[in-house]
Every structure is written in structure tokens, then in C-alpha cells.
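Asker: So the sequence shown is numbered by my numbering: it starts at 639 and just counts up by one. Got a structure for you, written out below as C-alpha cells; questions coming shortly.
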Amino acid sequence: MSTAMNQRPKKVTTHVLSEMKMKGEKIAMLTSYDYSLARIVDEAGIDVILVGDSASNVMAGWETTLPITLDQMIYHGASVVRGVHRALVVVDMPFGTYQGNSREALTSAIRIMKETAADAVKLEGGSEVIESVSRIISAGIPVMGHLGLTPQSIHKFGTYTVRAKKEDEAKKLIEDAHLLQEAGCFAIVLEKIPAMLAKQVAEELTIPVIGIGAGRYVDGQVLVLHDMLGINQEFSPRFLRRYHNLFAEITGAVQTYVDDVKNLDFPNDREQY
Ligand code: KIV
Numbered sequence: 639m640s641t642a643m644n645q646r647p648k649k650v651t652t653h654v655l656s657e658m659k660m661k662g663e664k665i666a667m668l669t670s671y672d673y674s675l676a677r678i679v680d681e682a683g684i685d686v687i688l689v690g691d692s693a694s695n696v697m698a699g700w701e702t703t704l705p706i707t708l709d710q711m712i713y714h715g716a717s718v719v720r721g722v723h724r725a726l727v728v729v730d731m732p733f734g735t736y737q738g739n740s741r742e743a744l745t746s747a748i749r750i751m752k753e754t755a756a757d758a759v760k761l762e763g764g765s766e767v768i769e770s771v772s773r774i775i776s777a778g779i780p781v782m783g784h785l786g787l788t789p790q791s792i793h794k795f796g797t798y799t800v801r802a803k804k805e806d807e808a809k810k811l812i813e814d815a816h817l818l819q820e821a822g823c824f825a826i827v828l829e830k831i832p833a834m835l836a837k838q839v840a841e842e843l844t845i846p847v848i849g850i851g852a853g854r855y856v857d858g859q860v861l862v863l864h865d866m867l868g869i870n871q872e873f874s875p876r877f878l879r880r881y882h883n884l885f886a887e888i889t890g891a892v893q894t895y896v897d898d899v900k901n902l903d904f905p906n907d908r909e910q911y
């Protein structure tokens, strides 16, 4: 093994995440969709990178996550994997690639694993997709579940408001979480649900529960990278903490460049051949 390989940090695996839960060590997860940003996010020490189907909104400008295709998710997934050495990389299965039947779900998951070299897939839903989840896991592919607000079902609900506030919905969510664990999921994302419900799920399950808008009592947190960096200005839910204002930084840099070109300040003598 080369020296460079020896210096590489230990790869995060599903087993490492399970140990983190047992030790009470919180899991930090962010999305990425391309090589350059994934490289930075990985080197900064993130545990899990999600190649989310939020790429549909963030990268392609669609209003929902529904339009993104399997080929497009594979393109994003493979780009991210090439930039990552340490983090566990999870690729979202896009809408329409696993809901039909479990055979189709397995074919889609196999394509993702073969063509991206990612570590796992994620899909949305509980009992409705449990056959697909089991079949994918039987083929040796790690699956992350996703309950609560499931953006691929937005047209069923018509709103992005907090989910599982009513008792019957909370009961179904708890049952689904147990079903996913029993089927063999290595972790579950809970999106936009009451903090105390998420706490109950995290306490009842032995697998890690990662929250987004699900409060602080879970085993880890996930945010969309472009939201937390402040590239995206329009999206401001209560759960989002902005760690930077990249929108302003990039705007400033571009405006300065435009001025420099127009004022013949760029390029100067040292910047030409
Ligand atoms: O697609 C995505 O970015 C996600 C996260 C919001 C969990 O599924």
C-alpha cells in the first residue's frame, strides 16, 4: 500500500455508524451532488454524505424532487464518490424507481451500486415499500429508510408542513420505523416531525436515527448543503441553521470580477503570458 493510502482516514461504514449510536456519538450528515463540493465536505470530517434527490431542486431548479431520473442520480452519485475517501456515501433512489414492484426496486438499486460505487441507497416510505426494502437488503445492499415528510409524496399531501402531529399518524410512523429496522435497514432519516416523537423512535430503535427538522434527541442530523451554506436564499424553514451566506459572497466576487473586466483591471501584467 502506498504512503498516501496509509494516510487516508478510516472509512465510515454502516458498522461504524452502529457503534456511534451505541457510544452516544452523534452522526453528522450533509448532502452533496458533485465531485468538488463532496471533496471539501469529506475532508472537513462529515460522517455521511447523502446524494439526495433534492438535487432535483438544488441542482436542476425543479420545484419538487419528482422529475430527477435514475440516470441523473447515478451521474451525481458517481461524481460524489470520486471525491470522497472517508464518509459513507448514500444515494437516494428517485421517484418511480422502487414503488412499482420489488424486482424493479432491486434492479434500480443494483444500477446505483454498480454505476456509482456508493455505499448504500435511501428510499422513502414504510409498510408500502417494505417488500422492496427487504429485497434490496437480501441482495447485500445497505438501505437507509426515510419517514415523516417524504418529499416524493408531496402531491398526496399537498403541503410541506410538519408530519405525524396527529396520534394515528405518529402511531403509523413508529410502526413503520420498527418495520424498516426489522427488514434490516442500517439507519433511518426522520424529516420534519415533532421532536418528542423523534426521541421516542430513536430510543426504541437500535439502528441510528438521523433527523432533519426532527429535533435534538436523535442520533444524528442531516441538512441540505446548499441550504446550510446560504447559497439558497428562498428556503427558510425553522429547522434550518445557516452557517454561511455564500449567496452574498459569490454575488460580491462575481460583481468585482465584472467590474475588473470592464475597467481593464483584469488581467494585469502578471496575469498574462
Ligand atoms: O434529498 C434529500 O436531500 C433528503 C434529505 C432532506 C434527507 O432526502
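In this text, a Cβ means the ideal position worked out from N, Cα and C, and glycines have one as well. On a predicted model such as this, the values are computed, not experimentally measured, just so you know.
Can you say whether Ile678 is buried or exposed, counting buried as having 16 or more other CB atoms within 10 angstroms of its CB?
Answerer: Around the beta carbon of Ile678, fewer than 16 other beta carbons sit within 10 angstroms, so the residue counts as exposed.
Asker: Go ahead and label Met834 buried or exposed: buried means 16 or more other beta carbons lie within 10 angstroms of its beta carbon, across all protein chains shown.
Answerer: exposed
Asker: Can you tell me whether Thr669 sits near ligand 1, meaning its C-beta is under 7 Å from at least one heavy atom of the ligand?
Answerer: yes
Asker: Using the beta-carbon count (16 or more within 10 Å), is Val896 buried or exposed?
Answerer: exposed
Asker: Say yes only if the C-beta of Leu655 is nearer than 7 Å to one or more non-hydrogen atoms of ligand 1, and no if none qualify.
Answerer: no
Asker: With burial defined as no fewer than 16 other Cβ atoms inside 10 Å of the residue's Cβ, what is the status of Ile888: buried or exposed?
Answerer: An exposed status is given to Ile888, since fewer than 16 other beta-carbon atoms sit within 10 Å of its beta-carbon.
Asker: Based on the DSSP output, what are the partners of Ala792 in its beta bridges?
Answerer: Per the sequence presented here, residue 792 reads as Ile, with Ala not at that position. Per DSSP, none; premise fails for Ile792.
Asker: Can you name, in chain order, every residue of its own chain whose Cβ lies under 8 Å from the Cβ of Ala777, other than the five neighbours on each side?
Answerer: Leu744, Ala747 and Ile748
Asker: Would you please state the rounded distance, in angstroms, between the beta carbons of Val847 and Ile826? I believe it to be under 8 Å.
Answerer: 5 Å
Asker: For Leu995, which residues from the same chain have a beta carbon less than 7 Å from its beta carbon, with the 5 sequence-adjacent residues on both sides left out?
Answerer: The first residue shown for the chain is 639 and the last is 911, placing residue 995 beyond what the model contains.
Asker: Report buried or exposed for Leu761, applying the criterion of at least 16 other Cβ atoms within 10 angstroms of its Cβ.
Answerer: By the neighbour-count criterion, in which a residue is buried when 16 or more other Cβ atoms sit within 10 angstroms of its Cβ, Leu761 is buried.
Asker: Answer yes or no: do Leu828 and Leu785 have a C-beta to C-beta separation smaller than 8 Å?
Answerer: Cβ atoms of Leu828 and Leu785: closer than 8 Å.
Asker: Is Glu701 a contact residue of ligand 1, with contact defined as CB to any heavy atom under 7 Å?
Answerer: no
Asker: Grab the span of the beta strand (DSSP E) containing Asp672 for me, first residue to last.
Answerer: From DSSP, Asp672 is part of no beta strand (DSSP E); its letter is neither H nor E.
Asker: For the alpha helix (DSSP H) that Met834 lies in, which residues bound it at each end?
Answerer: Ala833 to Glu842
Asker: Considering only residues of the same chain and omitting the five flanking positions on each side of Ala756, which have a CB-CB separation below 6 Å?
Answerer: Gly715, Val719, Val727 and Val729
Asker: How long is the line joining the alpha carbons of Phe795 and Leu704, rounded to whole angstroms?
Answerer: 14 Å
Asker: Quick one: what does DSSP say Asp709 is sitting in, helix, strand or coil?
Answerer: Note: Asp709 maps to helix in three-state DSSP.
Asker: Thinking C-alpha only, which one of Glu841, Asp865 and Ile845 is nearest Arg854?
Answerer: Glu841
Asker: Indicate the three-state DSSP secondary structure (helix, strand or coil) for Val654 in the structure shown.
Answerer: helix
Asker: Tell me whether Asp730 sits in a helix, a strand or coil according to DSSP, three-state version.
Answerer: In the three-state reduction of the DSSP assignment, Asp730 falls in the strand class.
Asker: Spatial neighbours of Ile687 within its chain, please: C-beta separation below 8 Å, excluding the five flanking residues on both sides.
Answerer: Met667, Leu668, Thr669, Ser670, Ala676, Val679, Asp680, Val718, Val722, Ala725, Leu726, Val727 and Val728
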